[in-house]
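Quick notes on the structure that follows.
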Amino acid sequence: MVKPFYFIKISLLCLLILLFSGCSEESLPDKTPNQESDPVETTQPVENVKQPEPKPNTPVVKVEKADIKVYFSDLQLENLVEEEKKITWGEGTTKYGQAFLALCEPEKETTPLWKEQNLKDIQISPEGKLSVNLSLEERPNFGSTGERFMVLSLLQTMFQFEEVTSVQFLIDNQPVETILGHMDVSEPFTKEMMADL
Amino acid sequence: MKRFCLWLGALMTALLLLPLAQVYADQPSPSPIQLVVEGKSIQTDVAPTLVENRTFVPIRVVATNLNATVQWIEKEKKIEITDSANHITMVVGDKMALVNSQEVQMDVPPIVKEGRTLVPLRFVGESLGTNVGWEPNTKTVLINKFYSLMIDGNTVDREKYKVFKIQEELYLPYYPLESYFGSGKQEPSGETITNLKLRKLDTGWIIPLSIFKEHYRVPVEMEDQGIYIGTTEDEEETENDGNSDENTIEESSSNQLRGIDIEDEEIILETSNLDDTPKHFSMTSPNRLVIDLPNISLSNRLDEKVDPAVGMGKLDVALDQDLINEIRYSQFSRDPETVRVVIEFSRKVNYTIQPNKKGWAVNLNALPKKEGFLIVLDAGHGGSDPGAAGAIGNHEKDFTLAVTRLLKEQLEQMKGIQIVETRSGDTYPTLQDRVQLAEDVAADLFLSIHANSFKPETRGTETYYYTEQSKDFASILHKYLIEATNFPDRGVKKQNFYVIKNTTMPSSLLEIGFLTNKEENQRMLDPGFQQNLAEKLSQAIYEYYTINN
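In structure tokens form, the structure reads like this:
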């Protein structure tokens, strides 16, 4: 008596799985539009970098590069200013780490919101949660407005990468209530939350 | 499949209706009354029934589950129940029973129902020397053998407090152990019930032995049907033996709690030395503070006042003291020696414990009672968090505190307005603490004072709000704020900063000006500027107050 329902459910499930797997296979390469791939390389840089090389005698340095957008502040702390930057990563560096470094060095007459010393490490989980582990030994001298710009500039930069679904700030590897005493960073930020920031 | 769904549905409903009660997952019984014997759920062919609020079972259930022999003498309607040690005689409809040749009055007599003889389970169980309990939430009767319970050398009243077995776990009566939890014979709070996995029987609350062990590293020994908690019998004996000269030894050498003094909003625990820092934690319903003093014993003076029945002494608290309800103390553990002091409050209180020349001083900072239109003033940053650094090396935390204090003075002159500060000195309450305070005192407004910081050229005053209900408050504040600072107007902005996002009352965060700008910094450090700023902000708050009240 219940069998037909079961059958329908299972078929639906299969159909869904098929649909989804189909989707991702087709769209994956296109979904990182900012990323210029070296023609020789594949389009999934992070995994490729980490894969052990089969021939240790002839190490191939795989370098990835991309044009990304990074964000700085204007002098009056009124607006975030967008800049285009080229980043490269490969041996010992990651896309996110390089993107962070780009956030520290504006080319135009703008003010950076981050310093290299503020980042301890940056890691992404298989689910796309980016953990940004900060050091505040050198405390950025910002008020609430500056803290907001700091957080916002990093989030906007990292969320341009399709695979980053959320960003969690940590200080010395620990989750914290706030970075500079105003913004609530206890929970990870998601892309959906950006509209409210 | 269908039956499974129904069962699942029933289980879910039961879970929803009884959030605190654990439902026996073993077997769902069709009977509303469950029988658990020696921890195991028992299925009987005839279900136990409730008559006059007493559980009755067929006599055969007694025979098969309580290891007793049952005889039914039809002619006299007489029931004879015998086990290795006891003999019970009962007659249907007769409240008088014979237990080991003694006449005993039952509150309900055996009955005949639908041709079956039913006996009151509790009476029979207890007469046979077992522990019988009833859990109303799950409609469960628990029966298991008797365990003697000894706590710190004192035998617990077996009639009053009983040990039960549910599945493989032993459950201890909560109240006799209660001094360990420091709650003073109060009904445990929901939090306590959940944390300690307490269950409520008609005989009182019970706690799983494993949970008790987990929370308190008190020695627990099991011996056949005896459970020994705290100091063992042997130790107790030696202590008793040496009792007469023990006190003299203690007085000369070891650390003692000599007295407990109440002085306004301070309680002094007078100790002979300050070698060991006390451990402390607070609990709710009722609000209380528990302090454990390690490696210390009670002085004779305090020890004399200990009521041996409960092992606790109480301090007389003056009637005009509306904050402290009661202070209790006990020699909580002997090895190592620990004294526990429990201070019970009439309302929520913040405290610090610091050494002073007499001993340990407990400074109390009670939350005020709401008496008017209440504004929580929050001086940004503080303590370990200096906030931003100003152009001449000054700290934001000092500026925010100075302004807040002046603002408080202004507002306190206004009728109907009450002020509570998140900090009155150089301390760092977390953002959550600040929000919590505002919630705890049921504030009507929350105002956070900050100063901004960026590049030397960056300037201006801005006002932040987050919730829609805060918009008017922010606008009024900003109008007066700009008048006071005369800095460039950066406007009123909506932004989800922690303290204005998480407070439930109208709230706002002010960035008075930029400490990194030489000119603005200089002005903000000027006492005249600060005074004028405080006056203007108090006017803004008063305007909001009069519009909304």
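Here the protein sequences come in this chain order: F and E.
Counting from 1, position 133 in the first sequence corresponds to residue 133 in this note's numbering; the numbering is continuous, with no gaps.
If you want this note's numbering, it's the 1-based position in the second sequence plus 1000.
Every residue gets a Cβ at the ideal spot worked out from N, C-alpha and C, and that includes glycine.
Taking the alpha-carbon positions, what's the residue i to residue j distance?
i: F/Phe169; j: F/Ser131; result: 6 Å
i: E/Gly1528; j: E/Ala1389; result: 21 Å
i: E/Tyr1175; j: E/Phe1332; result: 15 Å
i: E/Ile1541; j: E/Tyr1351; result: 30 Å
i: E/Arg1217; j: E/Glu1191; result: 21 Å
i: E/Lys1077; j: E/Ser1101; result: 18 Å
i: E/Pro1355; j: F/Gly128; result: 50 Å
i: E/Asp1094; j: E/Tyr1228; result: 40 Å
i: E/Pro1219; j: E/Thr1117; result: 47 Å
i: E/Ile1343; j: E/Arg1288; result: 5 Å
i: E/Ser1538; j: E/Glu1511; result: 16 Å
i: F/Asn141; j: E/Phe1514; result: 11 Å
i: F/Gly143; j: E/Thr1458; result: 12 Å
i: E/Glu1103; j: E/Ala1097; result: 6 Å
i: E/Phe1146; j: E/Ile1211; result: 21 Å
i: E/Trp1205; j: E/Glu1396; result: 52 Å
i: F/Thr43; j: F/Thr93; result: Bear in mind that a pLDDT of 42 at F/Thr43, under 50, signals an unreliable position, so the model cannot answer this.
i: E/Gly1230; j: E/Gly1153; result: 7 Å
i: E/Asn1325; j: E/Asn1300; result: 24 Å
i: F/Glu107; j: F/Leu75; result: 14 Å
i: E/Asp1433; j: F/Met183; result: 15 Å
i: F/Asn118; j: F/Phe149; result: 15 Å
Is there a Cβ of chain E sitting closer than 7 Å to that of residue i, yes or no?
i: F/Met194; result: no
i: F/Asp184; result: yes
i: F/Gln168; result: no
i: F/Asn118; result: no
i: F/Glu177; result: yes
i: F/Phe142; result: yes
i: F/Leu134; result: no
i: F/Glu187; result: no
i: F/Gly90; result: no
i: F/Leu152; result: no
i: F/Leu113; result: no
i: F/Asp172; result: no
i: F/Gln156; result: no
Going by C-alpha distance, which of the options is nearest residue i?
i: E/Gly1129; options: E/Gly1313, E/Gly1115, E/Thr1082 and E/Pro1173; result: E/Thr1082
i: E/Lys1536; options: E/Ile1267, E/Ile1193, E/Asn1053 and E/Glu1483; result: E/Glu1483
i: F/Val151; options: F/Lys65, F/Lys62, F/Asn173 and F/Ser73; result: F/Ser73
i: E/Ile1151; options: E/Tyr1180, E/Val1124 and E/Leu1170; result: E/Tyr1180
i: F/Glu105; options: F/Gly97, F/Tyr96 and F/Lys115; result: F/Lys115
i: E/Met1414; options: E/Tyr1545, E/Met1106, E/Ile1042 and E/Lys1160; result: E/Tyr1545
i: E/Leu1431; options: F/Asn79, F/Gly181, F/Ile124 and F/Phe159; result: F/Gly181
i: E/Tyr1465; options: E/Thr1155, E/Val1403, E/Gly1425 and E/Ser1448; result: E/Ser1448
i: E/Gly1387; options: E/Tyr1428, E/Gln1034 and E/Glu1371; result: E/Tyr1428
i: E/His1215; options: E/Asp1261, E/Asn1144 and E/Leu1177; result: E/Leu1177
i: F/Val70; options: F/Asp121, F/Leu155, F/Pro126 and F/Ile124; result: F/Leu155
i: E/Lys1498; options: F/Thr178, F/Glu163, F/Leu101 and F/Glu162; result: The sequence shown places Tyr at residue 1498 of chain E, not Lys. The candidate whose alpha carbon is nearest that of E/Tyr1498 is F/Thr178.
i: E/Leu1401; options: E/Ile1392, E/Ser1384 and E/Leu1377; result: E/Leu1377
i: E/Leu1170; options: E/Gly1226, E/Asn1365, E/Arg1340 and E/Ile1296; result: E/Gly1226
i: E/Met1505; options: E/Glu1439, E/Ser1475 and E/Glu1543; result: E/Glu1439
Is the distance from the Cβ of residue i to the Cβ of residue j below 7 Å?
i: E/Ile943; j: E/Val1070; result: The requested residue 943 of chain E is not part of the displayed model; chain E covers only 1001 to 1549.
i: E/Met1312; j: E/Arg1328; result: yes
i: F/Glu82; j: F/Asp67; result: no
i: F/Thr157; j: F/Ala195; result: no
i: E/Ala1534; j: E/Gln1410; result: yes
i: E/Thr1271; j: E/Gly1382; result: no
i: E/Asp1472; j: E/Phe1373; result: no
i: E/Val1141; j: E/Thr1055; result: yes
i: E/Ala1442; j: E/Lys1494; result: no
i: E/Arg1340; j: E/Asp1292; result: yes
i: F/Phe189; j: F/Val164; result: no
Got a sec: is the Cβ-Cβ distance from residue i to anything in chain F below 7 Å?
i: E/Thr1430; result: yes
i: E/Glu1511; result: yes
i: E/Asp1385; result: yes
i: E/Asn1131; result: no
i: E/Thr1503; result: no
i: E/Tyr1465; result: no
i: E/His1478; result: no
i: E/Asp1245; result: For E/Asp1245, the pLDDT reaches just 42, beneath the cut-off of 50, and the residue's location in the model is therefore unreliable, although a value from the coordinates is still provided. Closer than 7 Å: no.
Going by the DSSP bridge assignment, what does residue i pair with across the sheet?
i: E/Ser1333; result: E/Thr1338
i: E/Gly1359; result: E/Glu1270
i: E/Thr1461; result: E/Asp1489
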